[in-house]
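Note sheet for the following structure.
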Amino acid sequence: MSRVFAGPGAAAGGAWARGLAPGGRVMLVSERVVFKLFGRKVLGALMKYKVSVFLLPSGEKAKDWSAVSRLLSAMLSKGLGRDSGLVALGGGAVTDAAGFAASIYLRGIPWVAVPTTLLGQLDSGIGGKTAINLPEGKNLAGTFYQPTAIVCDTSFLKTLPARERVSGLAEAIKYGLTFDPGLWKYIRAHWDELLAGKQQPTAHVVRKGAAWKLKIVAKDERETKGIRDLLNFGHTFGHALEKAAGYGRLRHGEAVVWGMRCALSLSVRGAGLPVRVFNEVENFFVNIPLPSLRGIKPAEVLAAALKDKKARQGRVRFALLKDIGRPVVRVVEGSQLTALARSMLPLSCSVPLELNSYSP
Ligand SMILES: NC(=O)c1ccc[n+]([C@@H]2O[C@H](COP(=O)([O-])OP(=O)(O)OC[C@H]3O[C@@H](n4cnc5c(N)ncnc54)[C@H](O)[C@@H]3O)[C@@H](O)[C@H]2O)c1
Ligand SMILES: [Zn+2]
């Protein structure tokens, strides 16, 4: 499993790069904005290697076969061998695409993920899932390929736009609700500081969240045992919403907040979550700044949910909660989901979800 180096300044020391490339050559893969901000710091930590730099396009365009193909050719032309390494510096798009390239180049060379978004440091940079998109949909080609190290330098998050911060915090909330009541309590107590990007509480939730993700992934690396499904709390409906809204309209974590609200509502009926706990969490969620869902069609969300990789015969598998810190996977009928989607979608974020506004 990967070693994690987390906290302010984690990228500066070179310990994470030790042993990465016995042959001495490293490809640093990033994108324009991120490289300009942090490239020099990471190059400093790689001083003992002969480093080439390759910049992918920003955002989802990085996760395109043509971009990865250009990267692979650049690795060949720079003479990288099996004893070389790759360092991916950027958000989830860069680490997904560069990790994919590392996994297939000469049948796989070692790589390090240096995620620079909060989402990346809590989720996408951890766990070894690499991916590119196909014209038919997101993440349809990829590999499971663990990085040797994950470097979560929380000082990199200072330049992150507020919306990206909220998006990442959604994943921290997910770990708290699903596995760790203490973390959930901490997030609530330090919410304003976390939203403002304060270093100390941000580093705390990154360390905790990253540790939870690694712990779950270690038990079910290839998603075959059902354990990794628990990480999907808020994601089944969230992914469907992202797709129905049209990719780019909602940030991933924003859709996950809506998805967690949906899963909590389902948890009351389907997993025995106490209404008191539902109300406590819902009261917190309604104050999270989110774009509204106006105009998104319930039927499209449902269609997307039913196309989920894990959906079967009109029924969808959901990670739900029996209580905070007590997750369970349950199968939910499509009809129940339609009713819930109808009750949620006309709402803006300032309106609490009514438990009785749909009938199962
Ligand atoms: N592999 C996984 O397990 C996994 C899990 C969840 C999501 N993902 C993938 O992650 C991707 C989304 O990742 P993301 O949310 O990190 O977005 P992103 O990689 O698209 O980056 C978002 C934007 O933030 C900018 N940016 C990055 N770091 C910055 C910083 N420190 N300061 C200022 N700007 C910065 C980038 O230039 C980019 O424009 C999606 O493609 C999704 O499919 C993968
Ligand atoms: Zn996620």
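Numbering (our numbering), first residue to last: 238 to 597.
Note that the Cβ used here is the ideal one computed from N, Cα and C, for glycine as well.
Near ligand 1: residue i beta-carbon under 7 Å from a heavy atom
i: His-489; result: yes
i: Lys-366; result: yes
i: Glu-297; result: yes
i: Lys-273; result: no
i: Thr-439; result: no
i: Phe-393; result: yes
i: Asp-390; result: no
i: Gly-357; result: yes
Residue i CB to nearest heavy atom of ligand 2 below 7 Å
i: Val-493; result: yes
i: Asp-360; result: yes
i: Glu-401; result: no
i: His-427; result: no
i: Glu-479; result: no
i: Glu-408; result: yes
Residue(s) in a DSSP beta bridge with residue i
i: Cys-389; result: Ala-243
i: Val-569; result: Val-553
i: Leu-371; result: Gly-374
i: Val-538; result: In the DSSP output, where bridge partners are listed per residue, Val-538 has none listed.
i: Leu-205; result: Absent from the model: residue 205. The displayed extent of the chain is 238 to 597, so no value can be given.
Contacting residues, own chain, Cβ-Cβ under 7 Å from residue i (five flanking each side not counted)
i: Ser-340; result: Thr-367, Thr-380 and Tyr-382
i: Ile-561; result: Leu-414, Pro-418, Trp-421 and Val-514
Neighbourhood of residue i by C-beta, 6 Å cutoff - its chain only, sequence neighbours within 5 removed
i: Gly-551; result: Gly-571
i: Gly-327; result: Ser-267, Glu-268, Val-271 and Thr-353
i: Gly-251; result: Ala-282
i: Val-538; result: Ala-477, Leu-478, Ala-481 and Ala-578
Where the alpha helix (DSSP H) through residue i begins and ends
i: Gly-379; result: That residue, Gly-379, is in no alpha helix (DSSP H); its beta strand (DSSP E) goes 374-381.
i: Val-523; result: Where Val-523 is concerned, there is no enclosing alpha helix (DSSP H), given that its DSSP letter is neither H nor E.
i: Leu-420; result: 418-426
i: Gln-436; result: 436-456
Whole-Å CB distance - residue i paired with residue j, under 8 Å assumed
i: Leu-451; j: Val-288; result: That pair is no contact at about 27 Å.
i: Val-359; j: Gly-405; result: Residue identity differs from the one stated: residue 359 is Leu in this sequence, not Val. Yes, Leu-359 and Gly-405 are in contact; Cβ-Cβ is about 6 Å, under 8 Å.
i: Arg-402; j: Leu-355; result: 6 Å
i: Leu-503; j: Val-566; result: About 12 Å; that fails the 8 Å criterion.
i: Thr-332; j: Ala-338; result: About 11 Å; that fails the 8 Å criterion.
i: Ile-346; j: Ser-321; result: 6 Å
Limits of the beta strand (DSSP E) - the one that residue i falls within
i: Phe-474; result: Segment 472-482 is the alpha helix (DSSP H) holding Phe-474; no beta strand (DSSP E) there.
i: Trp-348; result: 348-352
i: Met-264; result: 262-268
i: Ala-325; result: 322-327
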